[in-house]
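Enquirer:
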Amino acid sequence: MSVLRVPVTAADHRLGQDDAPVTLVEYGDFECPHCAAAYAIMRTIRKKMGDRLRFVFRHFPLTQVHPHAMHAAEAAEAAGAQRKFWEMYEILFGRQDALDDRDLVRYANSLRLDVRRFEEEMKSEKYVPQIRQQFQMGIHSGVNGTPSFFINGARYDGSWQVDRLLAVLEAAAAPAAPAAPVASDEPGEKDS
Amino acid sequence: MTAFVRREATLSTSAVHNANTAIPAGTPAPGFSLNSTPDQKVQLSDFRGKPVVLAFYPADFSPVCGDQMSLYNEILSEFHRYGAQIFGISVDGVWCHRAFAEARKLHFPLLADFEPKGGAARAYGAYRSEEGVCERALFVIDGEGIVRWSYVSPVGVNPGADGILEALEKLGSAPEGEAK
């Protein structure tokens with residue numbers, strides 16, 4: 212019954228080809244342990260699905276239970292503004308034990324970001340409105356916790372352990388004949 | 043607001059796909075008086091004039107973060123935009139509710155449908171007598187005490203909030219002046 216209210220656009224953080232037969236959207240929270248588990252699973256899934264999968268990550272910070280979640284999401288956006296969203300995403304999910312503001316700056320440094328710009332954008336809360344907007348639209352789409360998944364726009368309530376999710380994604384990929392893969396330098400596309 | 047217009051039309055539309063017992067839209071909401079704390083009771087009738095959301099759920103402390111009650115807690119401001127009051131209801135006792143609310147930092151009342159056990163849930167057709175717990179059932183009640191939307195989710199599936207918000211939206215402007 213629950214469907215994605217906001218279609219995936221170029222404004223989203225996407226990995227994979229835009230013409231992939233399956234789009235998997237995750238609403239996640241960098242401080243949520245289940246999302247960290249899902250992160251590892253997403254890596255495996257993306258590897259196995261290859262060009263047939265487009266993966267999208269949207270923010271759903273549960274700020275009442277996860278005090279660092281909003282700042283972590285902002286840090287990912289600030290890194291994204293410098294074309295390093297996915298790199299920051301990896302660090303954050305790998306270091307859930309260390310997400311305070313000083314840690315975030317450290318990660319920005321390790322990614323060789325323009326740290327002054329990063330810090331300014333963090334201080335001015337530049338990305339808070341868009342993160343809140345994503346959260347709100349997530350709610351209206353039926354996001355019911357973290358992580359929440361949508362497969363080709365429909366909320367997926369089943370197991371997201373590798374085998375099960377992979378089977379579901381394979382099935383979703385099947386009906387469309389494999390489109391001629393567009394040559395691209397890298398499977399990873401960064402945001403805009 | 044006309045409370046009776048949709049009565050028959052909605053009888054068949056409440057999306058009760060796995061348990062056909064939940065009282066449907068158009069039904070007057072059964073009253074109840076349940077403890078929200080060890081020494082406070084909440085009566086449904088106290089909330090006449092504003093929309094009320096009842097979220098029955100099986101048990102406190104389900105082992106996930108971002109569980110159903112935590113989700114509603116995150117979006118209380120959305121409910122308040124419609125002038126609505128939300129209550130979580132399970133058969134857990136007040137002390138258990140208190141511990142759960144503290145652990146999850148919940149800022150809305152949890153009601154204990156404890157004695158007689160599941161009495162309110164039964165009245166709403168939202169009781170699983172085999173297990174002795176509430177269904178995962180949602181009810182949106184208008185300011186005149188009429189159920190305007192109900193939904194029973196598969197018990198393992200957190201229904202989210204989209205259906206509630208849609209139902210609140212359909213109620214139209216909240217009967218109380220609310221700040222938008």
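As given, the protein sequences belong to chains W and U, one line each in that order.
Start counting the first sequence at 212; every next residue gets the next number (the working numbering).
Start counting the second sequence at 43; every next residue gets the next number (the working numbering).
From the three backbone atoms N, C-alpha and C, an ideal C-beta is built for every residue, glycine too.
This one's a predicted model, so the numbers in the text were calculated from it and none came from an experiment.
Count the CB pairs spanning the segment 249-267 of chain W and the segment 309-324 of chain W that are closer than 8 Å, and state whether there are at least three.
Expert: Counting Cβ pairs under 8 Å, fewer than three are found: no touch.
Enquirer: At the level of alpha carbons, what is the spacing between threonine 220/W and alanine 154/U?
Expert: Straight-line Cα distance between these residues: approximately 45 Å.
Enquirer: Can you name the residues of chain W whose CB is closer than 7 Å to the CB of glycine 202/U?
Expert: Per Cβ cutoff of 7 Å: Ser213, Gly353, Val354, Asn355.
Enquirer: What did DSSP end up calling leucine 322/W once you bin it into helix, strand or coil?
Expert: The answer is coil: DSSP assigns leucine 322/W none of H, G, I, E or B.
Enquirer: Could you tell me if glutamine 372/W is buried or exposed, where buried requires 16 or more neighbouring beta carbons within 10 angstroms of its beta carbon?
Expert: So glutamine 372/W counts as exposed.
Enquirer: Thinking C-alpha only, which one of Tyr124/U, Gln110/U, Pro201/U is nearest serine 212/U?
Expert: The sequence as given places lysine at residue 212/U; serine does not occur at that position. Lysine 212/U has its Cα closest to that of Tyr124/U, out of Tyr124/U, Gln110/U, Pro201/U.
Enquirer: According to a CB-to-CB cut-off of less than 7 Å, which residues of the segment 300-329 of chain W neighbour chain U?
Expert: Going along the segment 300-329 of chain W in chain order, one finds no residue with a Cβ nearer than 7 Å to chain U.
Enquirer: Does the CB of serine 112/U have a neighbour CB from chain W at under 8 Å?
Expert: True, the Cβ-Cβ gap to chain W drops below 8 Å.
Enquirer: According to the neighbour-count rule (16 or more other Cβ atoms, all chains shown, within 10 Å of its Cβ), is lysine 334/W buried or exposed?
Expert: That one is exposed.
Enquirer: Does the distance from the C-beta atom of glutamine 82/U to that of glycine 73/U stay below 8 Å?
Expert: Against a cut-off of 8 Å, the Cβ pair of glycine 73/U and glutamine 82/U comes out as no contact.
Enquirer: Whole-angstrom Cβ separation of valine 197/U and glutamate 177/U, contact assumed at under 8 Å?
Expert: That pair is a contact at about 7 Å.
Enquirer: Spatial neighbours of phenylalanine 46/U within its chain, please: CB distance less than 6 Å, with the 5 preceding and 5 following residues excluded, ordered by chain position.
Expert: Per-residue confidence for phenylalanine 46/U stands at a pLDDT of 35, beneath the threshold of 50, marking its modelled position as unreliable; no derived number is given.
Enquirer: Anything in chain W within Cβ reach of leucine 207/U, meaning under 9 Å, just list it in chain order.
Expert: Correct list: Ile350, His351.
Enquirer: DSSP on threonine 255/W, reduced to helix/strand/coil?
Expert: Threonine 255/W falls in the helix class under three-state DSSP.
Enquirer: Of the residues that make up the segment 130-148 of chain U, which ones have a beta carbon closer than 7 Å to any beta carbon in chain W?
Expert: Here the close residues are Arg146, Lys147.
Enquirer: Which same chain residues, not among the five before or five after glycine 349/W, have their C-beta less than 6 Å away from its C-beta?
Expert: Once the five neighbours on either side are set aside, the close Cβ partners of glycine 349/W are Tyr238, Phe271.
Enquirer: Where do the ends of the alpha helix (DSSP H) carrying glutamate 120/U lie?
Expert: Counting along the chain, the alpha helix (DSSP H) containing glutamate 120/U begins and ends at 118-123.
Enquirer: Which same chain residues end up closer than 8 Å to phenylalanine 142/U when comparing Cβ atoms and leaving out the 5 residues on each side of it in sequence?
Expert: Excluding sequence neighbours, phenylalanine 142/U sits near Asp102, Phe103, Met111, Asp134, Leu148, Leu152.
Enquirer: List in chain order: all unbroken beta strand (DSSP E) runs of 3+ residues lying wholly within the segment 309-389 of chain W.
Expert: The segment 309-389 of chain W contains these whole beta strand (DSSP E) runs: 359-362, 365-367.
Enquirer: Answer yes or no: the CB of glutamate 157/U versus the heavy atoms of the ligand ADP, is any distance below 7 Å?
Expert: The ligand ADP is absent from the structure shown, which contains no ligands of any kind.
Enquirer: With DSSP collapsed to three states, give me the class of phenylalanine 241/W.
Expert: If DSSP states are grouped into helix, strand and coil, phenylalanine 241/W belongs with coil.
Enquirer: With a threshold of 8 Å between beta-carbons, can valine 379/W be considered close to chain U, or not?
Expert: Cβ-Cβ to chain U under 8 Å: no for valine 379/W.
Enquirer: For glutamate 397/W, count the other beta carbons within 10 Å of its own beta carbon; 16 or more makes it buried, fewer makes it exposed. Which is it?
Expert: For glutamate 397/W, the predicted model reports a pLDDT of 42, less than 50, meaning its position is unreliable; a value from the coordinates is still stated below. Exposed, by the Cβ-count rule.
Enquirer: Please list, in chain order, all residues of the same chain as serine 78/U whose beta carbon is under 6 Å from its beta carbon, the five residues on each side excluded.
Expert: Closer than 6 Å at Cβ, skipping near neighbours: Val84, Pro151, Leu153.
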